[in-house]
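> Below is the structure I would like to discuss, written out as structure tokens.
2 protein chains.
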Amino acid sequence: MDENLLQFYKTYQANVRAYQFAMNVIYFDQATIAPKQGATYANEMMALLAGEHFSYATNPDHIANIEQLYAQSEDELLKKEIALRLRELHQISLLPKDVYVAFQKAISNSERCWEQAKAENNYELFKPHLLELIKKQKELLSYFTFEGSSYDYLLDQYQIGMNQEKYDRFFDEVKAKLVPLIQQIAKKQNLIDDSLLHQTFAIDKQQQFTEVLKDSLDIKKENCYLTTSVHPFTSFFSANDVRITTRYHEHNPMSAILATIHEYGHALYGLQTDKAYEGTTLADNIGFAMHESQSRLLENHIGRNKGFWQQNYPKLQDLYPEQLKDVTLDSFLAKLNIAKPSLIRIEADELTYPLHILIRYELEKQIFNDEIDLENLDVLWADKYEEYLGVRPQRFDEGILQDMHWSAAAFGYFPSYALGSAFSAQFYNTLQQQIDVEKVLANNDFATIADWLKENIHQYGAAKTFEEILESATGEQFNPTYYIHYLVKKYKNLYDIQ
Amino acid sequence: MDENLLQFYKTYQANVRAYQFAMNVIYFDQATIAPKQGATYANEMMALLAGEHFSYATNPDHIANIEQLYAQSEDELLKKEIALRLRELHQISLLPKDVYVAFQKAISNSERCWEQAKAENNYELFKPHLLELIKKQKELLSYFTFEGSSYDYLLDQYQIGMNQEKYDRFFDEVKAKLVPLIQQIAKKQNLIDDSLLHQTFAIDKQQQFTEVLKDSLDIKKENCYLTTSVHPFTSFFSANDVRITTRYHEHNPMSAILATIHEYGHALYGLQTDKAYEGTTLADNIGFAMHESQSRLLENHIGRNKGFWQQNYPKLQDLYPEQLKDVTLDSFLAKLNIAKPSLIRIEADELTYPLHILIRYELEKQIFNDEIDLENLDVLWADKYEEYLGVRPQRFDEGILQDMHWSAAAFGYFPSYALGSAFSAQFYNTLQQQIDVEKVLANNDFATIADWLKENIHQYGAAKTFEEILESATGEQFNPTYYIHYLVKKYKNLYDIQ
Numbered sequence: 001m002d003e004n005l006l007q008f009y010k011t012y013q014a015n016v017r018a019y020q021f022a023m024n025v026i027y028f029d030q031a032t033i034a035p036k037q038g039a040t041y042a043n044e045m046m047a048l049l050a051g052e053h054f055s056y057a058t059n060p061d062h063i064a065n066i067e068q069l070y071a072q073s074e075d076e077l078l079k080k081e082i083a084l085r086l087r088e089l090h091q092i093s094l095l096p097k098d099v100y101v102a103f104q105k106a107i108s109n110s111e112r113c114w115e116q117a118k119a120e121n122n123y124e125l126f127k128p129h130l131l132e133l134i135k136k137q138k139e140l141l142s143y144f145t146f147e148g149s150s151y152d153y154l155l156d157q158y159q160i161g162m163n164q165e166k167y168d169r170f171f172d173e174v175k176a177k178l179v180p181l182i183q184q185i186a187k188k189q190n191l192i193d194d195s196l197l198h199q200t201f202a203i204d205k206q207q208q209f210t211e212v213l214k215d216s217l218d219i220k221k222e223n224c225y226l227t228t229s230v231h232p233f234t235s236f237f238s239a240n241d242v243r244i245t246t247r248y249h250e251h252n253p254m255s256a257i258l259a260t261i262h263e264y265g266h267a268l269y270g271l272q273t274d275k276a277y278e279g280t281t282l283a284d285n286i287g288f289a290m291h292e293s294q295s296r297l298l299e300n301h302i303g304r305n306k307g308f309w310q311q312n313y314p315k316l317q318d319l320y321p322e323q324l325k326d327v328t329l330d331s332f333l334a335k336l337n338i339a340k341p342s343l344i345r346i347e348a349d350e351l352t353y354p355l356h357i358l359i360r361y362e363l364e365k366q367i368f369n370d371e372i373d374l375e376n377l378d379v380l381w382a383d384k385y386e387e388y389l390g391v392r393p394q395r396f397d398e399g400i401l402q403d404m405h406w407s408a409a410a411f412g413y414f415p416s417y418a419l420g421s422a423f424s425a426q427f428y429n430t431l432q433q434q435i436d437v438e439k440v441l442a443n444n445d446f447a448t449i450a451d452w453l454k455e456n457i458h459q460y461g462a463a464k465t466f467e468e469i470l471e472s473a474t475g476e477q478f479n480p481t482y483y484i485h486y487l488v489k490k491y492k493n494l495y496d497i498q
Numbered sequence: 499m500d501e502n503l504l505q506f507y508k509t510y511q512a513n514v515r516a517y518q519f520a521m522n523v524i525y526f527d528q529a530t531i532a533p534k535q536g537a538t539y540a541n542e543m544m545a546l547l548a549g550e551h552f553s554y555a556t557n558p559d560h561i562a563n564i565e566q567l568y569a570q571s572e573d574e575l576l577k578k579e580i581a582l583r584l585r586e587l588h589q590i591s592l593l594p595k596d597v598y599v600a601f602q603k604a605i606s607n608s609e610r611c612w613e614q615a616k617a618e619n620n621y622e623l624f625k626p627h628l629l630e631l632i633k634k635q636k637e638l639l640s641y642f643t644f645e646g647s648s649y650d651y652l653l654d655q656y657q658i659g660m661n662q663e664k665y666d667r668f669f670d671e672v673k674a675k676l677v678p679l680i681q682q683i684a685k686k687q688n689l690i691d692d693s694l695l696h697q698t699f700a701i702d703k704q705q706q707f708t709e710v711l712k713d714s715l716d717i718k719k720e721n722c723y724l725t726t727s728v729h730p731f732t733s734f735f736s737a738n739d740v741r742i743t744t745r746y747h748e749h750n751p752m753s754a755i756l757a758t759i760h761e762y763g764h765a766l767y768g769l770q771t772d773k774a775y776e777g778t779t780l781a782d783n784i785g786f787a788m789h790e791s792q793s794r795l796l797e798n799h800i801g802r803n804k805g806f807w808q809q810n811y812p813k814l815q816d817l818y819p820e821q822l823k824d825v826t827l828d829s830f831l832a833k834l835n836i837a838k839p840s841l842i843r844i845e846a847d848e849l850t851y852p853l854h855i856l857i858r859y860e861l862e863k864q865i866f867n868d869e870i871d872l873e874n875l876d877v878l879w880a881d882k883y884e885e886y887l888g889v890r891p892q893r894f895d896e897g898i899l900q901d902m903h904w905s906a907a908a909f910g911y912f913p914s915y916a917l918g919s920a921f922s923a924q925f926y927n928t929l930q931q932q933i934d935v936e937k938v939l940a941n942n943d944f945a946t947i948a949d950w951l952k953e954n955i956h957q958y959g960a961a962k963t964f965e966e967i968l969e970s971a972t973g974e975q976f977n978p979t980y981y982i983h984y985l986v987k988k989y990k991n992l993y994d995i996q
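Top to bottom, those sequences are chains A and B.
Numbers 1 to 498, taken from my numbering, label the letters of the first sequence in order.
Numbers 499 to 996, taken from my numbering, label the letters of the second sequence in order.
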């Protein structure tokens, strides 16, 4: 192999990641602490950096060198890293630079506008941005070459190997098995009442409980910074530096708690990926369903686990003696696991959660198959909530404005949450055969679980496909039955249904 | 004028400032919230971006275009902006890229190491970085072309128009007039006792008082973000986005208060510079003495002003009723303005402050004139404190490790603090002839003062030289007598000396 070529590639990788790092840091700053009046300038700077990044990354000479290196290389791992890179470069290099930059700029502007629109419950403010992003996304797609439909292409971008047909099959099964159970529960008398978890919970105390969570999950300040933002998210700065955000609601303390645990699931994946992959596509291109499998695993299988709360519930009670004095651990766990159709995805229970995703999936399908009236997206959103969950948003911020994803043109991202949840149930099924999770958590020994996740999943980054990781970790191909069975069993048990 | 050339220049400006913005944001992130374990990677990324920035900025074709535009342009303001840019480019383009990048990388590494060294009071940890930076700074100087000595060149970098001869003259006058007064005060009986300001002041209450300061100085969250760091500093992100930091000491509440006011002096300068200059050298190259004149003006002439504390002292007393119950406003003001030789520059009183600077100035002169044993810098530092202020640091963190400047290779910066203080006294002399500052502040009307500063100083950015601004604002050339007279009068009065 040509040593100069390899040397070129190392420099190329390094420069590309320098641009990405810069844009990452600016994004994080803007989404967390940046003064509002600086947003316009920052967005301009982001667009310029995106342009410089684009010029450098897609320089035809560079791509030719990379292709040549790929052809010459016999190192399997290097070939994987390059293949993931070329996959992206071969598409993105089809774009004129100005189209690419205009898209990035539209995204930055839209993101900041969405924050304001959500804060003000003002869909009209955000709507032109959303429609513009959809238009621009379609324009971009017109430059790319791919098999299947536009939406197939987008789905594959978020998790390599996925398409509409596979998701349709998955969601059909979810719908067939879960909707009847949800309806059965809705008809029951004496439903679990969780109103005691919706009293006033002072936010400074919630922040104190976040410190308890950090302790319990070994969240270390040396490699993980935690702050707040409008919508919780995780940023990966490098192999030893991740940032997670949460947000506090006075009348729903579990929201911040579960969001923190969810985001730390992402963070832990990044921190436990083989450090040798730092700055390469093997650390970056893991796929969103795989990533959500880890955030959802922590959120649901750890954050709603009895052992976990045996350790931590007394500490929550100590902070809120008045609010929680009449709530026993078992009663708390029942309230925490309640199944109740609701409006906000990230606060949804496990059983109704996939329907929140199904709604978004169906809307996105219609958007990219040109089967929808874009003028009425907000109403169609509300209609679908009524259809699938029997609840209708009365406000935009609990309807179409609730999620940040569309404001960032992340079309095709949502389905990976449901798929990730299904992966997580399959992983968890194996995990609990090998480790007594409840007991381990009751002993405040989350490290044992983190080690298992590292060993079986995290370390590989994108060096293995999701199919390979599922197979090696659980002994079989992806099988949604684990997810369905887990939910059905859990909720029949909780609601005493035969 | 060639329109294409002008168009080129706009693109050039924009790309250069995108790199600068990215590096600014990364610097700020690293100095405030970044997890420690990510520092190595972040420093690498900074060095790569510095390299990309260097390649783009110093591209000979670009410089040739800029020179051509300068020759053709008849727009006076554009010529000023370009002249400031070429001044820098003509030097920096003499450097080999690898020398430039290695210097930037050494700075990033040194800055993070200094933080740790200061926290651990460990000079040995920092020493190799400091010596390396001095060596590298000298290496850089060997590439540049300039008249006068190396140190002359550095001084001019921080404030165009300054050199060793001018500073010598200035410091000689300072020394001649202030040292005898300091000695006179030291001999007095019944010195003012400020120990009541060094009781325990809980930090959460100090943070609450920062909110009072924000209110009082119209610090708006829409354009100014305030947080903490090891050493207080200001970052200028854009015309409408500045960041300031402070730090809290449990036994010295005035430290955080005066640091916040000082940094806001810088911030206000940036926020009040003509918005039309955003992203140009006219907003960026104001000069450090001019900048320090505004930070020192706020710190000393506002932050130690009787009217200011008539408004704010009762609020401080409310937060600390126990600590301050026996301290009247007048007694508080006397303690706040005490003259007492001390070890820490940023906590020094106004009278002894210039001697802290003189010490650094003399050391830097010796360093860059090769008249010093670099192995013993820490001891020489302590010796000078003993000589000029009669106090000797017993710890490195109250000696040579106290300031961040040398860790960033900012050699030649310190003298601008003293010069800036002298500018501020001259500005203040005129300001108080036109506005009854004490009364205005007692009425909680800082806006009137901010407007005066904008009108007479801030708006111009670097479109006027410091000589021109002093002349137009005060009616005469720079005259250090105002500074000396102000200090002598104030402290003779306070200490009842004839």
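For glycine and all other residues, C-beta sits at the position ideal for the given N, C-alpha and C.
This structure is a prediction, so every number in the text was calculated from the model and none was measured.
#1: Enumerate, from N- to C-terminal direction, the unbroken alpha helix (DSSP H) stretches of 4 or more residues contained entirely within the stretch 708-795 of chain B.
#2: Would residue 764 of chain B pass as a contact of residue 797 of chain B if the rule is Cβ separation under 7 Å?
#3: Output needed in chain order: residues of the stretch 536-548 of chain B with a Cβ under 9 Å from some Cβ in chain A.
#4: If you measure from the beta carbon of residue 15 of chain A to each beta carbon in chain B, is any gap under 7 Å?
#5: Leaving out the 5 sequence neighbours to the left and right, which residues in its chain are closer than 7 Å to residue 653 of chain B when beta-carbon positions are compared?
#6: Which bits of chain D does residue 533 of chain B rub up against, with CB to CB less than 9 Å?
#7: Do residue 895 of chain B and residue 616 of chain B have their CB atoms nearer than 7 Å?
#8: Could one say the Cβ of residue 519 of chain B lies closer than 7 Å to chain A's Cβ atoms, at least one of them?
#9: Could you tell me the boundaries of the alpha helix (DSSP H) in which residue 679 of chain B lies?
#10: Measure the beta-carbon distance from residue 649 of chain B to residue 867 of chain B and round it to whole angstroms, keeping in mind my assumption that it falls under 8 Å.
#11: To the nearest angstrom, how far is it from the Cα of residue 391 of chain A to the Cα of residue 350 of chain A?
#12: Where does the unbroken alpha helix (DSSP H) through residue 501 of chain B begin, and where does it stop?
#13: Taking Cβ to Cβ, would you say residue 1084 of chain B is nearer than 7 Å to residue 917 of chain B?
#14: Of all the options B:778, B:586, B:793 and B:698, which has the alpha carbon lying nearest to the alpha carbon of residue 1069 of chain B?
#15: For residue 825 of chain B, which of helix, strand or coil comes out of DSSP?
#16: Among B:726, B:571 and B:762, which residue has its Cα nearest to the Cα of residue 500 of chain B?
#17: Let me confirm a value: residue 995 of chain B is counted as buried when at least 16 other C-beta atoms fall within 10 Å, else exposed. Which label applies?
#18: Mind checking whether residue 197 of chain A and residue 335 of chain A have CB atoms under 7 Å apart?
#19: Does the stretch 677-697 of chain B come within contact of the stretch 809-827 of chain B, defined as at least 3 CB pairs closer than 8 Å?
#20: Less than 8 Å between the CB atoms is what I'm expecting for residue 785 of chain B and residue 964 of chain B, so what's the real figure, rounded?
#21: Let's test the definition: count the other Cβ atoms within 10 Å of the Cβ of residue 146 of chain A and tell me whether it reaches 16, buried, or not, exposed.
#22: Can you tell me whether residue 59 of chain A is buried or exposed? The criterion is at least 16 other CB atoms within 10 Å of its CB, across all chains shown.
#23: Touching or not, the stretch 43-57 of chain A and the stretch 87-101 of chain A, by the rule of three or more beta carbon pairs under 8 Å?
#24: Under 9 Å between beta-carbons, which chain B residues line up against residue 107 of chain A? List them in chain order, please.
#25: Would you report the Cα separation of residue 459 of chain A and residue 285 of chain A, rounded to the nearest angstrom?
#26: Less than 7 Å separating the beta-carbons of residue 668 of chain B and residue 978 of chain B?
#27: DSSP state of residue 845 of chain B, grouped into three classes?
#28: Residues of chain A with CB under 9 Å from residue 550 of chain B, in chain order?
#29: Helix, strand or coil for residue 533 of chain B per DSSP?
#30: If I measure Cβ to Cβ from residue 224 of chain A and keep anything under 6 Å in the same chain, skipping five residues before and after, which residues do I get?
#31: Using a cut-off of 7 Å between C-beta atoms, extract the partners of residue 29 of chain A located in chain B.
#32: For residue 953 of chain B, tell me which candidate among B:611, B:970, B:633 and B:840 has the shortest Cα-Cα distance.
#33: Only counting the same chain, and skipping five residues up and downstream in sequence, which positions put a Cβ closer than 8 Å to that of residue 503 of chain B?
#34: How big is the Cα-Cα spacing for residue 904 of chain B and residue 629 of chain B?
#35: Inspect the beta-carbon positions of residue 887 of chain B and residue 839 of chain B and report whether they are closer than 7 Å.
If we stick to the structure as given:
#1: 751-770, 779-782 and 786-794
#2: no
#3: 536, 537, 538, 539, 540, 542, 543, 544, 545, 546 and 547
#4: yes
#5: 660, 661, 662, 665, 910 and 913
#6: This model lacks chain D altogether; the protein chains it does include are A and B.
#7: yes
#8: yes
#9: 662-685
#10: 6 Å
#11: 17 Å
#12: 501-530
#13: In the structure as shown, chain B begins at 499 and stops at 996. Residue 1084 of chain B is therefore absent and cannot be evaluated.
#14: It is not possible to answer for residue 1069 of chain B, since the shown part of chain B is limited to 499 through 996.
#15: coil
#16: B:571
#17: exposed
#18: yes
#19: yes
#20: 6 Å
#21: exposed
#22: exposed
#23: yes
#24: Ordered by position in chain B, no residue passes the 9 Å Cβ test against residue 107 of chain A, which lies about 16 Å from the chain.
#25: 13 Å
#26: yes
#27: helix
#28: 15, 18, 19, 52 and 56
#29: coil
#30: 242 and 267
#31: 523 and 527
#32: B:970
#33: 563, 566, 567 and 570
#34: 10 Å
#35: yes
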